[in-house]
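Going by my numbering, the first residue of the sequence shown is number 14, and it counts up by one from there.
Below is one structure, written out as structure tokens, with a few remarks after it.
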Amino acid sequence: MTQLKLQAGDRTFIADARNGRDISIALDFEGPQPNHFGASPASAKPMRAGEFVGDTRAGGSCNAAVLTINPHCNGTHTECLGHVTKERHNVLAAAPPAILPAALVSVTPAPASGSGEFSEPPPLGGDRLITAASLASAWKQLPRGEYPALVVRTLPNAPDKRERRYTESDDHPYFSLAAIEMLVARGVKHLLVDTPSIDRFDDEGKLAGHRLFWGLEQGAAETDADSRRDATITEMVFVDDDLEDGIYLLNLQVAPFVSDAAPSRPILFPAYAA
């Protein structure tokens, strides 16, 4: 076995470097792809410069495509607090080290009505929440300790998440404010989810969960001393059913874009605490 060994505080984590699992969604520029908020699909067109055309099918000497993508809406991406601030923070500055401890938990979103948990704006009828109660229950099944990264898989785990077009009429589950508060309190700095947003599709532009996770006041677009500049949110992952809940080492590969968000490729390595 080629070992990955990570010392984190007083804990040692060991994983097999050969068993990494990619939980990003491959973005097919010419086929089905996930989409959020009515954004245009990611697309690819041949580069054209003078008489040159970047498509061998059109007589070009080589293929050179111009890619158009909105990282926030076209597939797996990682974002930082620059997503909601006037200051131009970039995700590369917030990206975690090469390897860090992570936990994978599976939760079933609960009907908002009767859950006893809330969002801002308040949930509408039919909304489903990823609640603090469900996360706390899943967390109890993990070995004790802090996990700076948390991957949340929602159930049922439909394969069409890989190409689902999320619309207001087919809204996705989202996090209650109590759930985000709990994750921050437990030291989670890197949150990975299989939904297109941790907030409601139409949340009146509040992005309350995002702001809470990044340590910003509700409605604020400026950072302060309490802002979590080193925290990230990764959305639109897909975690296959054969990956069990438990401990992992995470390699969160973020495209080197100087932007508030960038396409990303999270790799999970099943691990154990030595």
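Positions of the beta carbon are idealized from the N, C-alpha and C atoms, including for glycine.
Residue environment, residue i, which counts as buried when at least 16 other CB atoms sit within 10 Å
i    : result
K58  : exposed
D254 : exposed
A145 : buried
G222 : buried
A275 : buried
S119 : buried
A12  : Residue 12 lies beyond the residue range present for the chain, which begins at 14 and ends at 287; the question has no answer from this structure.
L137 : exposed
Y187 : buried
E217 : exposed
Under the three-state DSSP convention, the category residue i falls into
i    : result
D35  : strand
T98  : coil
I193 : helix
D23  : coil
A77  : coil
V118 : strand
V104 : helix
A275 : strand
S182 : helix
8 Å contact criterion, which residue i and residue j should meet: CB distance rounded
i    : j    : result
E181 : F214 : 5 Å
T91  : A55  : With a Cβ gap of about 16 Å, T91 and A55 do not count as contacting.
L259 : L113 : Looking at the sequence provided, one finds Gly at residue 259 rather than Leu. Wrong, their Cβ atoms sit about 15 Å apart, outside the cutoff.
Does the segment 81–90 touch the segment 234–241, meaning 3 or more C-beta pairs lie closer than 8 Å?
-> No, because fewer than three Cβ pairs between the segment 234–241 and the segment 81–90 fall closer than 8 Å, the two stretches do not touch.
Is the number of C-beta pairs between the segment 223–237 and the segment 93–101 that are closer than 8 Å three or more?
-> Taking one beta carbon from each stretch, the segment 223–237 and the segment 93–101 have 3 or more pairs nearer than 8 Å; the two touch.
Examine the Cβ distances between the segment 190–210 and the segment 157–176 and report whether three or more of them are shorter than 8 Å.
-> Yes: the two stretches touch, three or more of their Cβ pairs being nearer than 8 Å.
Ignoring anything shorter than 4 residues or poking outside the segment 206–264, list the alpha helix (DSSP H) runs there in chain order.
-> For the segment 206–264, whole alpha helix (DSSP H) runs of length 4 or above, ordered along the chain, are 221–226.
Should the segment 20–29 be called in touch with the segment 63–80, which here means at least 3 C-beta pairs below 8 Å?
-> Contact between the segment 20–29 and the segment 63–80 is absent, with fewer than three C-beta pairs closer than 8 Å.
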